[in-house]
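**Q**
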Amino acid sequence: MKNITLAIEDELLEQARALAQRRHTSLNAIVRSLLSEEVEQEDRIAKARAGLKQLMDNATLDMGPDYKWNRQEIYDEREDRMLSRHQRPDLRGAGKDKG
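Sequential numbering from 1 applies to the sequence shown in full-length UniProt numbering.
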């Protein structure tokens with residue numbers, strides 16, 4: 001294990017020492033833990049970005065060169081797929097025994 005030297009404000013050092021004492025640990029352990037968390041977070045972020053990039057690179061949404069987006073068609077299609085409450089007796093409680 002290597003040693004490092006840090007330059008920090010006196011007040012911050014005193015607050016950090018008090019924190020370590022309250023946590024029943026050492027200032028060294030707190031710094032080591034914080035650095036470890038930062039490195040791990042960077043690694044997770046890099047892996048997530050790589051995964052997203054791979055998804056984007058592999059994604060295909062080729063609708064053909066002549067396809068034009070039509071908002072109303074999309075809304076109509078969505079509406080057709082969604083049934084309202086009055087069209088679904090099971091959502092109203094129909095057929096349940098009301099004793």
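A virtual CB, placed ideally from N, CA and C, is assigned to each residue, including glycine.
Secondary structure at Lys47, three-state DSSP: helix, strand or coil?
**A** Helix.
**Q** Is the beta carbon of Ile30 less than 8 Å from the beta carbon of Leu19?
**A** Their beta carbons are under 8 Å apart, which means Ile30 touches Leu19 by this criterion.
**Q** Is the beta carbon of Ala16 closer than 8 Å to that of Leu6?
**A** Cβ atoms of Leu6 and Ala16: not closer than 8 Å.
**Q** Judging by CA-CA distance, which residue of Arg49, Arg81, Glu40 is the nearest neighbour of Asp57?
**A** Ranking Arg49, Arg81, Glu40 by Cα distance to Asp57 puts Arg49 first.
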